[in-house]
Structure formats: C-alpha cells, structure tokens
Amino acid sequence: MHTRLISRRAGAFDSSGIRKVFDLAARLVDPINLSIGQPDFEMPAAARRAVHEAVDAGRNGYTPTQGIAPLRERLEARVRAELGQPQRALCVTSGSSGALNLALMALVDPGDEVIIFEPAFVMYRPLVEFLGGRCVALDTAPSFQVDVERVAAAITPATKAILLNTPANPTGAVAAAGTVRDLARLADARGVTIVSDELYRSYCYDAPFASPALHSENVVVIDGFSKSHAMTGWRVGWVHGPKPVVDACTMLQQYTFVCAPQVGQWAALAALDAPMDVPLAECRRKRDALMAALRGHYSFVQPGGAFYLYPEAPGGSGGAFAERAVAEERLLVVPGSVFGAADTHFRIAYTVSDTTLERGIAALTRLA
Ligand SMILES: Cc1ncc(COP(=O)(O)O)c(C=O)c1O
Numbered sequence: 001m002h003t004r005l006i007s008r009r010a011g012a013f014d015s016s017g018i019r020k021v022f023d024l025a026a027r028l029v030d031p032i033n034l035s036i037g038q039p040d041f042e043m044p045a046a047a048r049r050a051v052h053e054a055v056d057a058g059r060n061g062y063t064p065t066q067g068i069a070p071l072r073e074r075l076e077a078r079v080r081a082e083l084g085q086p087q088r089a090l091c092v093t094s095g096s097s098g099a100l101n102l103a104l105m106a107l108v109d110p111g112d113e114v115i116i117f118e119p120a121f122v123m124y125r126p127l128v129e130f131l132g133g134r135c136v137a138l139d140t141a142p143s144f145q146v147d148v149e150r151v152a153a154a155i156t157p158a159t160k161a162i163l164l165n166t167p168a169n170p171t172g173a174v175a176a177a178g179t180v181r182d183l184a185r186l187a188d189a190r191g192v193t194i195v196s197d198e199l200y201r202s203y204c205y206d207a208p209f210a211s212p213a214l215h216s217e218n219v220v221v222i223d224g225f226s227k228s229h230a231m232t233g234w235r236v237g238w239v240h241g242p243k244p245v246v247d248a249c250t251m252l253q254q255y256t257f258v259c260a261p262q263v264g265q266w267a268a269l270a271a272l273d274a275p276m277d278v279p280l281a282e283c284r285r286k287r288d289a290l291m292a293a294l295r296g297h298y299s300f301v302q303p304g305g306a307f308y309l310y311p312e313a314p315g316g317s318g319g320a321f322a323e324r325a326v327a328e329e330r331l332l333v334v335p336g337s338v339f340g341a342a343d344t345h346f347r348i349a350y351t352v353s354d355t356t357l358e359r360g361i362a363a364l365t366r367l368a
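Following my numbering, the numbering of the sequence shown begins with 1 at its first residue and continues without gaps.
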C-alpha cells in the first residue's frame with residue numbers, strides 16, 4: 001500500500017457515530033431501533049406515481065444544474081411569497097446535505113469561523129473543517145435554546161457564518177420567533193451570514209415555525225423533501241438566499257453533484273401537492289405518548305419539533321447508556337457524544353411503528 005494513501009483531510013475524521021449504531025443494528029436479531037432519523041410513513045402516493053411516470057417517460061438523464069424548471073420555479077415562487085423577498089434565488093440540490101455542502105463551500109474560506117450550536121447535526125463540524133474553517137461551538141444545554149447574547153459575544157472578526165438549525169436535530173428544540181428575529185438582526189449588524197437549516201420546519205408542534213429569513217434578506221436557507229415528505233432516499237433539497245450566494249452554489253454544483261436525481265425531482269414536484277397533515281399529526285401523537293411514558297423516569301426538555309427526544313442519560317454518560325441499552329435490551333439509541341463535546345444525553349427517534357415505540361418505552365422504563 002502507498003505510505004500515505006488517505007488524505008490528511010479524510011484521515012482526520014472518524015465514521016459518523018450514527019453509522020456505527022446502524023452497523024450494530026445490522027448485527028442484532030430483532031433490535032428495537034430508535035436510532036434512525038427518518039420518517040416511518042410512506043412518501044405520498046402521488047410522488048410514488050410520479051416516479052413510475054418519470055421513469056417510463058424516459059426522464060432518466062441529467063437535469064439543468066439548478067433543477068427541473070417546474071420544481072425550481074414553484075419552490076422559488078413559494079419562498080419569495082412567504083418571505084416577501086422577490087429577489088430571492090433558489091437552486092435545487094442533491095438532498096439538503098448537498099445544499100449544506102454547497103452553501104458552506106460558497107461562504108467559508110480557510111481560517112473562517114462558523115458558530116454552531118451544540119448538540120448539533122453530525123455533518124456541520126466535518127463540513128466546516130473540510131473547508132479549513134473553524135467551528136466555534138456554543139453549548140445550548142440544558143435548555144437547548146439559542147442565547148443571542150452568547151452568540152454576540154462569540155462573534156470575532158473571523159466569524160463568517162452562524163449555522164442555525166430549528167427545529168433541531170438531535171434535541172427537537174424550536175427557536176422562539178423573538179430569538180430568530182434577534183439573531184437575524186445581530187448577524188446583519190455584525191456582517192455575518194446565517195445559514196438556516198430548516199429541514200424539519202414542517203414538524204413544529206407547539207408554536208408556528210419561525211425563520212430568520214423573515215427578518216433578513218441575507219439569510220441562506222437549507223431545506224428539502226427528505227423529512228417533510230419521507231423522501232430521504234430520493235435526495236432532493238434546495239438552497240435559497242441572496243442571488244450571489246445561490247449563483248455560487250449553482251456553479252459549485254456543476255463541479256460536484258451535477259444535479260439532484262431527476263426522478264426524485266419529479267417525485268418532489270408531485271409531493272408538493274400532497275396533504276401531509278395526517279402523518280404529521282401521527283408524529284405529534286407519538287411524541288406525546290413517548291413524553292407521557294418517560295416522564296418520571298427520565299429528565300428531558302419538551303421537544304417542540306422534529307421527531308427526536310433528547311433525555312439525560314441515567315448515570316451521566318450517553319455512551320455508556322447506549323451500550324447498556326444494546327446489551328440489556330437490544331435497544332438502539334444515539335449517544336450525545338455523536339452531536340458534540342458533551343456526552344450527557346442520548347437521542348431517541350420516535351418515528352417508528354406503534355409496536356416498536358411500545359417496545360422501546362418498555363425497554364427504556366426498565367433501563368431508567
Ligand atoms: C438537521 C439536518 N440537516 C440536514 C440533513 C440532511 O438531510 P438530507 O440530505 O436527506 O436532505 C439532516 C438529516 O438527518 C438533518 O437532520
């Protein structure tokens with residue numbers, strides 16, 4: 001083998017801790033798997049039909065870099081109307097992961113600082129560091145809410161962006177409308193760009209979703225169909241924001257992802273008209289059932305959105321608890337260490353069948 005086969009960049013990272021849980025799940029017989037962050041309902045019937053129609057109609061090739069026109073234009077019109085920003089531009093991407101990659105590539109230079117809120121989605125730190133950027137992590141425990149004053153204190157001349165995620169993975173925390181407004185104002189006043197990951201925006205249970213983009217044209221928004229329409233495998237997302245940033249993302253997509261999968265884009269277009277209120281209500285019902293069952297056994301903050309509960313680990317270590325859960329109950333949860341420096345909590349994804357949720361609750365109650 002070559003002496004230095006793997007680049008320093010790749011060598012500096014370990015496989016995502018969530019992948020390790022998935023690998024473990026594959027080896028267990030009949031595990032109770034509460035580790036997977038994806039909806040358990042089917043993608044809309046209209047989207048499934050659109051898949052077949054697209055394939056049969058020979059729509060299997062590349063698309064324009066920025067996405068098929070009917071989808072891109074519809075999404076763009078929607079965000080322009082919602083935000084009252086007729087200049088806002090939009091590019092369809094290969095999942096919201098693609099959008100995140102492109103937006104950070106477009107914004108971050110080596111040495112730039114990006115403020116992230118921990119616990120944070122697993123991809124944020126590696127993406128920033130791949131680009132030679134530095135993550136400045138603000139620990140949001142125990143409330144998991146963004147503290148705008150702490151953000152203000154963390155901004156330095158090197159700060160380029162603030163990576164906000166509401167509703168949040170893994171905590172389910174939803175930022176209050178006043179907080180996102182103040183954060184948007186702060187970012188504008190200090191010349192910092194907010195990258196707002198809104199992938200879970202349709203999962204808000206206790207208060208309406210509030211985007212910082214409502215308060216500033218400079219906010220770059222990441223969104224997608226994976227969670228809202230149960231289309232994780234189809235890889236369709238989008239980025240919208242100021243035209244120069246979106247143009248840079250589109251240019252970068254030419255040299256990286258090329259385009260989002262064509263069939264997925266036709267499915268996404270059909271999915272836009274599908275009513276999603278029933279699966280969303282189901283998700284809320286599962287959240288409420290899980291909280292009611294675990295209250296008294298675990299300490300947690302009520303998650304206002306997404307589909308995760310983030311309790312404190314009995315014994316204080318998320319890692320030790322996750323190992324014990326596997327060993328004693330064949331139960332898979334994700335330790336907090338995967339999402340940042342603290343390992344005090346663990347993540348439960350409650351988008352599972354009622355049977356699995358009941359088994360999970362019984363196992364968690366025994367483990368408490
Ligand atoms: C907060 C957040 N952002 C982005 C993604 C990426 O989703 P996708 O690339 O499937 O759109 C995920 C997936 O779990 C996520 O939780």
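Positions of the beta carbon are idealized from the N, C-alpha and C atoms, including for glycine.
Beta strand (DSSP E) containing residue i: first to last residue?
i	result
PHE130	Looking at the DSSP string, PHE130 is not in any beta strand (DSSP E); the run it does join, the alpha helix (DSSP H), is 124–130.
THR93	89–94
Look up residue i in the DSSP assignment and give the residues it is bridged to.
i	result
THR159	GLU113
ASP139	GLU118
LEU164	SER196
HIS345	GLU312
ARG4	Paired residue(s): none; ARG4 is not in a bridge.
ARG134	GLU113
LEU332	ASN33
For residue i, count neighbouring C-beta atoms within 10 Å of its own C-beta (all shown protein chains included) and say buried if the count is 16 or more, exposed if not.
i	result
GLN38	exposed
PRO157	exposed
SER96	buried
THR355	exposed
ASP30	exposed
GLN254	exposed
PRO208	exposed
ASN165	buried
GLY336	buried
VAL258	exposed
ASP14	exposed
GLU118	buried
GLU374	This structure leaves residue 374 out entirely; the chain is present only between 1 and 368.
ASN60	exposed
ALA12	exposed
HIS2	exposed
THR365	exposed
TYR310	buried
ASP288	exposed
LYS160	buried
ARG150	exposed
VAL278	exposed
HIS240	buried
ILE32	buried
PHE359	The residue asked about is misnamed: residue 359 is Arg in this sequence, not Phe. Burial call: buried.
GLU323	exposed
ARG9	exposed
ALA268	buried
PRO303	buried
ILE348	buried
Can you tell me where the alpha helix (DSSP H) with residue i in it begins and where it stops?
i	result
ALA325	318–329
ALA152	148–154
ALA184	177–190
ASP354	354–367
GLY224	Counting along the chain, GLY224 falls outside any alpha helix (DSSP H), though it belongs to the beta strand (DSSP E) covering 220–224.
ALA10	8–11
Between residue i and chain B, is any beta-carbon pair separated by less than 8 Å?
i	result
GLY319	The structure shown contains no chain B, having only a single protein chain.
Is any non-hydrogen atom of ligand 2 found closer than 7 Å to the C-beta of residue i, if you look at the structure I gave you?
i	result
ASP147	By its list of ligands, the structure shown excludes ligand 2, since it contains just ligand 1.
Any beta strand (DSSP E) of 3 or more consecutive residues that is wholly inside the stretch 23–94 = 89–94
In chain order, which continuous runs of the alpha helix (DSSP H) of length 4 or greater are located wholly inside the stretch 232–306?
-> 243–254, 262–271, 277–294
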